[in-house]
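A.B. asks: This is the structure, below, for whatever I ask next.
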Amino acid sequence: MKKYLMLGLMALAMTFSVQAQLKTPQPSPLSKIEQVVGLTDVSIEYSRPNMRGREVFGNLVPYGKTWRTGANANTKVTFSDDVVIDGKTLKSGTYAIYTVPNKSSWDVMFYTDSNNSGLPKTWDDSKVALKAKAQVYPMPVDIETFTITLDDLTSDSAVIGMLWGKVYAGVKFVVPTDKTVMKNIDATMKGNPTANDYYASAVYYYESGKDIKQAQTWIDKSIEMTETPAFWQLRKQALIHAKTGDKAGAIETAKKSLAGAEAAGNADYIKMNTDSLKEWGAL
């Protein structure tokens, strides 16, 4: 009797084990996006509900009410550096993103308690590290699945975009790229910079609109130290010389870059150099 009872219990345990392993699709699946903005690591983790024929804002998500900005657990954003939003500093770390949607704009709140099953049981205004406004823009088509993006990327900023239904709302944040890079360049130039250091510094100065004469000095030094400069390096040198007003130097270098691009079969650089030489009156 005991033997049969034990066999029965084992069979029952195996049944429960099989049931426990069963997986089905989640109605609001988890998503995580990661993006480097300048030199800052940014990640967002959230769950994505669907419209399923429902009217979203003003109905499923009421206007004027705090929303967890997704489904299931609260949406989380993590910044590896301090960022600036609406002129206010948000310290590095992880925050829950809560929003209050309205027709023309959303309130977006970065909440220091980031471990909640949706909304906090008790809302605490002292935990709102920063509050910002997000302008609402109409979408031409329905976005079926709630979507968060990190877009409009520059070296110094990006936008957290939120899309659902026919609504887009975005919050821009600014990262401390320039401060960090300038500090690194200064330290590097006081040491023993390599050709790559001179090149990277020159390109950063050129692309960020800094002292172009200094950029020219550094790019020339880099090319001088490089035994066989690549066509893409020569291309950047030509552009920097052109920006300083040294058209003759720009043309001479662009021709070298063009020859290198032709030898490498790089159509993009062939076209860019050809277009520049035409613009500068050399073709």
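First residue of the sequence shown: 29, per our numbering; consecutive thereafter. Built from N, CA and C at the ideal position, the CB exists for glycine as well. Computed from a prediction, not measured in an experiment: that's the story for all the values here.
#1: Give a yes or no on whether the C-beta atoms belonging to Ala291 and Leu305 are separated by under 7 angstroms.
#2: Identify whether Gln163 lies in helix, strand or coil by the three-state DSSP scheme.
#3: Using alpha carbons as the reference points, say which of Thr68, Ser71, Lys218 and Lys249 lies closest to Ala230.
#4: Using a Cβ-Cβ cutoff of less than 6 angstroms, which residues in the same chain neighbour Tyr23 once the five nearest sequence positions on both sides are dropped?
#5: Beta carbon of Ser108, beta carbon of Thr140: below 7 angstroms?
#6: Alpha carbon to alpha carbon, how far is Asn212 from Asp239? Give it in angstroms, no decimals.
#7: Could you check if Ala186 is buried or exposed, using at least 16 other CB atoms within 10 Å of its CB as the buried criterion?
#8: In terms of DSSP beta bridges, what is Tyr196 paired with?
#9: Could you say which of Val111, Asp303 and Thr208 lies nearest to Val199 if we only look at CA atoms?
#10: Taking the alpha-carbon positions, what's the Val169 to Gly193 distance?
#11: Am I right that Phe174 and Pro53 are in contact with their C-beta atoms under 8 angstroms? What's the rounded C-beta distance?
#12: Looking at the structure shown, is Thr203 part of a helix, part of a strand, or coil, going by DSSP?
#13: Please state if the CB of Tyr297 and the CB of Ala317 are separated by a distance shorter than 7 angstroms.
#14: How many angstroms separate the CA atom of Arg80 from the CA atom of Thr127?
#15: Could you please give me the residues that DSSP links to Tyr139 through a beta bridge?
C.D. replies: Working from what's here:
#1: The residue given as residue 291 occupies position 263 in the sequence shown. The residue given as residue 305 occupies position 277 in the sequence shown. Cβ atoms of Ala291 and Leu305: not closer than 7 angstroms.
#2: Walking along the sequence shown from the start, residue 163 turns up at place 135. Of the three classes helix, strand and coil, the one that applies to Gln163 here is strand, per DSSP.
#3: Residue mapping note: residue 230 aligns to position 202 of the sequence shown, counting from 1. Of the listed residues, the one whose Cα sits closest to Ala230 is Lys249.
#4: In the structure displayed, the chain extends from 29 to 311; residue 23 sits before or after that span and is not available.
#5: Position 80 of the sequence shown holds residue 108. Position 112 of the sequence shown holds residue 140. Not in contact: Ser108 and Thr140 (Cβ atoms no closer than 7 angstroms).
#6: Residue numbering aside, residue 239 sits at position 211 when the sequence shown is read from its first letter. Residue numbering aside, residue 212 sits at position 184 when the sequence shown is read from its first letter. Their Cα atoms are separated by approximately 16 angstroms.
#7: Residue numbering aside, residue 186 sits at position 158 when the sequence shown is read from its first letter. It counts as buried.
#8: If you number the sequence shown from 1, residue 196 lands on position 168. According to DSSP, Tyr196 bridges with Tyr165 and Leu191.
#9: The sequence position of residue 199 within the sequence shown is 171, counting from 1. Comparing Cα-Cα distances from Val199 to each of Val111, Asp303 and Thr208, the minimum goes to Val111.
#10: Here residue 169 is taken as the residue at index 141 of the sequence shown, counted from 1. Here residue 193 is taken as the residue at index 165 of the sequence shown, counted from 1. The alpha-carbon atoms of Val169 and Gly193 are separated by roughly 8 angstroms.
#11: In the sequence shown, counting from the first residue as 1, residue 174 sits at position 146. In the sequence shown, counting from the first residue as 1, residue 53 sits at position 25. With a Cβ gap of about 16 angstroms, Phe174 and Pro53 do not count as contacting.
#12: Along the sequence shown, one-based indexing puts residue 203 at 175. Before going further, note that residue 203 is Val rather than Thr in the sequence given. Val203: coil per DSSP, three-state reduction.
#13: The shown model of the chain, from 29 to 311, leaves out residue 317, and the question about it has no answer.
#14: Translated into positions along the sequence shown, residue 80 becomes position 52. Translated into positions along the sequence shown, residue 127 becomes position 99. Taking the straight line joining both Cα atoms gives about 22 angstroms.
#15: The residue you call residue 139 lines up with position 111 of the sequence shown. Beta-bridge pairing links Tyr139 to Ala124 and Val156.
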